[in-house]
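Numbering (our numbering), first residue to last: 211 to 898.
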Ligand code: ADP
């Protein structure tokens, strides 16, 4: 038994037995078929596949026996495997000395006959037997023995196959494990070497399992973050897109990629926004999502450059649009200018106005067809400035030449009237010419240009008017003088007779005659001016005294107006006292005539630019700027709603202007519509 137990308990054998993992497994058809075959081949009621464990024998397949195992002590098989590696036959147990110490296998009915073939594995260990038994003593034919052995080999083959399968499964598992661990290690190695920032986050807390240097640099952290939960390391990530991606990947197991994702990170205590191309992939272990592999490529510079480029593009686009707009406006302006030119040309043509142009640098002189026509030239004829000036009558030629020169040199404008003789027919024509200086700009050079208008007809009409007025005035002068004398005589008589009504009426009549006389006087003066016959009788006198005298006289004539005199001292002048008085009287009579509602009229004596001056201020309707320039022209009248009902010939201010100019003085008006007008003149101070 001891020898027996030595073989049975051999740990290598037991280990070999364990390696088949067959003990205590369920019945299997393949083994059952072999057992049935053995029983029928040997013609016995009992057949078994027994496996001999250290303390029991266990039946993998059994026929004719109800128990599944028996103690080792009752095991004939244990006897069999240690006695032989061929076949162990006991024809009659009761008569066999080899089994004297072995209890009979089946507790119910002891076996009389037993034949078992050891199941010897590839390493030579006997694991158990394929055995047949009977309760009757008996034997086995050689053929039966042979069959049993073949079947035993088949059992063993099946067991070996089973072990192989097991080993294969195990190897596969091992392989898998090995592969996984290799894979994992490789992941780690890959992460280490990856050129992009990478980290592996594990578990629902996203613990940082592995992280490479680029990722540490990107996060601004060191390797101390390993094993820590992600949000503990980067709390600012909690509300941002990458974290949402990580959680989604962890939940769904699906990979997510993000382009140009903006991420705010707190690096070295400073919040910084960067742009990253991110990839979140599931970390799979045994088919389960164990974590998330997070990758990020820093594209901040690219994105910023792109944003800048886009902004620049946008700006460019806007500039383009603006330029387009400007172009359109320019085009519209050009069209407008062309239209305006057309209109101007039409207007010039219909007004029979000729135009001229002179380049400041080259002095080249270009004239329009109408200009040539006025001067008696054909459209194709040349006409330069010198030739044009030669047509101007001698009395105006120098003035015109000087004016043009001054305009060119000093950039001044002018408006002149002169006479000329046409080319062939030598007709005398009156011409009004204007000139205006234009400063050059980037596109154009400086130039002088202007117009010429044939005003001969107007001048002739004026002359006829003047002649008529001159003749009439002359004819009226004598009767008016005697009429005035008679009226004064009659007035004196009426006063003497105490007839105050007649005296008053005669006084008024006399005032009217005086008014008419002044008018006639003016007309005659105009005629004389025209004929150059106006003579100044200069004498030294005080302007303030003259002003005071006139105020006194005017009180009589304009009893409804309050004429206030403001003269602070004496202003000595050397002038024609009568004619200067005529000017002041004219200013006052105009104030009364054109500002009837202005009951106050101010008369001032003062110094203007160091020269004695007089002004008459009324608080009437005023004169608009465009008329202010012209009120001193001969026969000029303002034809507005207010003044057109007031009678006049437009010669009063013309006379004033002539008188003052002959004194080398200055005359001007300042006025504002609705506020009133101030007419002034100044004279050279007496230099005796
Ligand atoms: P007239 O002899 O027709 O009065 P003037 O030469 O004296 O002509 O004046 C020319 C024009 O100036 C007048 O038609 C008038 O419209 C305007 N004018 C002159 N004085 C005044 C004034 N004080 N207030 C408003 N308009 C005035």
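Even for Gly, the Cβ is constructed at its ideal location relative to N, Cα and C.
Checklist entry - Among 577, 860, 590, 583, which has the Cα closest to the Cα of residue 596? => result The residue labelled residue 596 in the question sits at position 386 within the chain shown. Minimum Cα distance to residue 596 is reached at 577.
Item to check | C-alpha gap between residue 763 and residue 756, whole angstroms | outcome: Sequence index remark: in the chain shown, residue 763 carries index 553 (1-based). Sequence index remark: in the chain shown, residue 756 carries index 546 (1-based). Their backbone Cα atoms lie some 11 angstroms apart in a straight line.
Checklist entry - By a C-beta neighbour count over all protein chains shown, 10 Å radius and 16 as the cutoff for buried, is residue 856 buried or exposed? => result Mapped onto the chain shown, residue 856 falls at position 646. Answer is exposed; the Cβ neighbour count stays below 16.
Checklist entry - First and last residue of the beta strand (DSSP E) that includes residue 569? => result Working through the chain shown from its first residue, we reach residue 569 at position 359. Where residue 569 is concerned, the enclosing beta strand (DSSP E) stretches over 563 to 569.
Checklist entry - Would the beta-carbon of residue 837 be found less than 8 angstroms away from any heavy atom of ligand 1? => result Mapped onto the chain shown, residue 837 falls at position 627. Checking the Cβ of residue 837 against ligand 1 gives yes.
Item to check | Neighbourhood of residue 810 by C-beta distance below 6 angstroms, restricted to the same chain and skipping five residues each side | outcome: Counting from one through the chain shown, the residue named residue 810 turns up at place 600. For residue 810, where only same-chain residues beyond five positions count, the Cβ hits under 6 angstroms are 772.
Next on the checklist: Let me check understanding here. Comparing Cα to Cα, which of 634, 708, 869 lies closest to residue 785?
Outcome noted: If you number the chain shown from 1, residue 785 lands on position 575. For the residues 634, 708, 869, the minimum Cα distance to residue 785 belongs to 869.
Next on the checklist: Does the beta-carbon of residue 756, which I'm using as the reference point, lie nearer than 8 angstroms to any heavy atom of ligand 1?
Outcome noted: As a working mapping, residue 756 is identified with position 546 in the chain shown. Checking every heavy atom of ligand 1 against the Cβ of residue 756, none is found closer than 8 angstroms.
Next on the checklist: I need the boundaries of the beta strand (DSSP E) containing residue 887, first residue and last residue.
Outcome noted: The sequence position of residue 887 within the chain shown is 677, counting from 1. Per DSSP, residue 887 belongs to the beta strand (DSSP E) from 886 to 892.
Checklist entry - Considering residue 504, what are the terminal residues of the beta strand (DSSP E) in which it resides? => result Here residue 504 corresponds to residue number 294 of the chain shown, with the count starting at 1. Counting along the chain, the beta strand (DSSP E) containing residue 504 begins and ends at 498 to 508.
Checklist entry - Mind checking residue 375: buried by the 16 CB within 10 Å criterion, or exposed? => result By one-based count along the chain shown, residue 375 stands at place 165. Looking at its Cβ environment, which holds fewer than 16 other Cβ atoms inside 10 Å, residue 375 is exposed.
Checklist entry - So, is residue 272 buried or exposed, given that buried needs 16 or more other C-beta atoms within 10 angstroms? => result Here residue 272 is taken as the residue at index 62 of the chain shown, counted from 1. Label assigned to residue 272: buried.
Item to check | Test item: CB-CB of residue 581 and residue 603 under 9 angstroms | outcome: Residue mapping note: residue 581 aligns to position 371 of the chain shown, counting from 1. Residue mapping note: residue 603 aligns to position 393 of the chain shown, counting from 1. Cβ atoms of residue 581 and residue 603: not closer than 9 angstroms.
Checklist entry - Taking the C-alpha atoms as reference points, what is the distance between residue 182 and residue 447? => result With the chain covering 211 to 898 only, the question about residue 182 has no answer from this structure.
Checklist entry - Just to check, is the beta-carbon of residue 910 closer than 8 angstroms to a non-hydrogen atom of ligand 1? => result There is simply no residue 910 to check, as the chain begins at 211 and stops at 898 in what is shown.
Next on the checklist: Under 8 angstroms: does the beta carbon of residue 833 sit that close to some heavy atom of ligand 1?
Outcome noted: In the chain shown, residue 833 corresponds to position 623, counting from 1. Indeed, a heavy atom of ligand 1 lies less than 8 angstroms from the Cβ.
Next on the checklist: If I follow the unbroken alpha helix (DSSP H) through residue 794, where does it start and stop?
Outcome noted: As a working mapping, residue 794 is identified with position 584 in the chain shown. Run containing residue 794: 787 to 804, per the alpha helix (DSSP H) assignment.
Checklist entry - Any idea what DSSP makes of residue 862, helix, strand or coil? => result Residue mapping note: residue 862 aligns to position 652 of the chain shown, counting from 1. Reduced to three states, the DSSP call for residue 862 is helix.
Next on the checklist: Buried or exposed for residue 449, going by 16 or more other Cβ atoms inside 10 Å?
Outcome noted: Residue 449 sits at position 239 when you count from the first residue of the chain shown. It counts as exposed.
Item to check | residue 699 - DSSP class collapsed to helix/strand/coil | outcome: One-based indexing of the chain shown puts residue 699 at position 489. Looking at residue 699 - three-state DSSP - the assignment turns out to be helix.
Item to check | Length of the line joining the Cα atoms of residue 657 and residue 646 | outcome: Translated into positions along the chain shown, residue 657 becomes position 447. Translated into positions along the chain shown, residue 646 becomes position 436. Cα to Cα, the separation comes out at about 8 angstroms.
Checklist entry - Tell me which same chain residues have a C-beta within less than 8 angstroms of the C-beta of residue 691, skipping the five on either side of it? => result Translated into the one-based positions of the chain shown, residue 691 becomes position 481. Closer than 8 angstroms at Cβ, skipping near neighbours: 727.
Item to check | Member of 896, 847, 498, 892 whose CA lies at the smallest distance from the CA of residue 878 | outcome: Your numbering for residue 878 matches position 668 in the chain shown. Selected option, being the one with the closest Cα: 892.
Next on the checklist: Considering just the uninterrupted stretch of the alpha helix (DSSP H) at residue 754, what are its terminal residues?
Outcome noted: Here residue 754 refers to the residue found at position 544 of the chain shown. 753 to 767 is the span of the alpha helix (DSSP H), which, as asked, contains residue 754.
Checklist entry - Whose C-alpha, out of 495, 337, 475, is nearest the C-alpha of residue 931? => result No answer is possible for residue 931: it lies beyond the span of the chain, which begins at 211 and ends at 898.
Checklist entry - Hey, out of 729, 698, 725, whose CA is closest to residue 714's CA? => result Sequence index remark: in the chain shown, residue 714 carries index 504 (1-based). Ranking the options by Cα distance to residue 714, first place goes to 698.
Checklist entry - According to the neighbour-count rule (16 or more other Cβ atoms, all chains shown, within 10 Å of its Cβ), is residue 303 buried or exposed? => result As a position in the chain shown, residue 303 is number 93, starting the count at 1. Residue 303 should be labelled buried.
Next on the checklist: For residue 472, tell me which candidate among 513, 464, 440, 251 has the shortest Cα-Cα distance.
Outcome noted: Here residue 472 is taken as the residue at index 262 of the chain shown, counted from 1. When each option's Cα is compared against that of residue 472, the closest is 513.
Item to check | Pick from 263, 276, 353, 242 that is closest to residue 297, judged by C-alpha positions | outcome: Taking the chain shown and counting its residues from 1, one reaches residue 297 at position 87. The candidate whose alpha carbon is nearest that of residue 297 is 353.
Item to check | Reduced DSSP category for residue 749 - H, G, I as helix; E, B as strand; rest coil | outcome: Numbered from its first residue, the chain shown carries residue 749 at position 539. It is a strand residue.
Checklist entry - By DSSP, does residue 270 sit in helix, in strand, or in coil? => result Looking up residue 270 in the chain shown gives position 60. Residue state, collapsed to three classes: strand.
Next on the checklist: What ranges does the beta strand (DSSP E) occupy inside the stretch 656 to 685, keeping only unbroken runs of at least 3 residues that lie completely in it?
Outcome noted: 657 to 664
Item to check | Rounded straight-line distance, which links the Cα of residue 379 to that of residue 283 | outcome: Here the question's residue 283 lines up with position 73 in the chain shown. Here the question's residue 379 lines up with position 169 in the chain shown. Cα to Cα, residue 283 sits roughly 36 angstroms from residue 379.
Next on the checklist: Is it buried or exposed, residue 649, if we count other Cβ atoms within 10 angstroms and call 16 or more buried?
Outcome noted: Taking the chain shown and counting its residues from 1, one reaches residue 649 at position 439. So residue 649 ends up on the exposed side.
Item to check | Cross-strand partners of residue 647 (DSSP beta bridge) | outcome: Within the chain shown, numbered from 1, the residue matching residue 647 stands at position 437. Residue 647 pairs with 658.
Checklist entry - What are the boundary residues of the beta strand (DSSP E) that residue 417 is part of? => result Within the chain shown, residue 417 is the residue found at index 207, counting from 1. Where residue 417 is concerned, the enclosing beta strand (DSSP E) stretches over 417 to 421.
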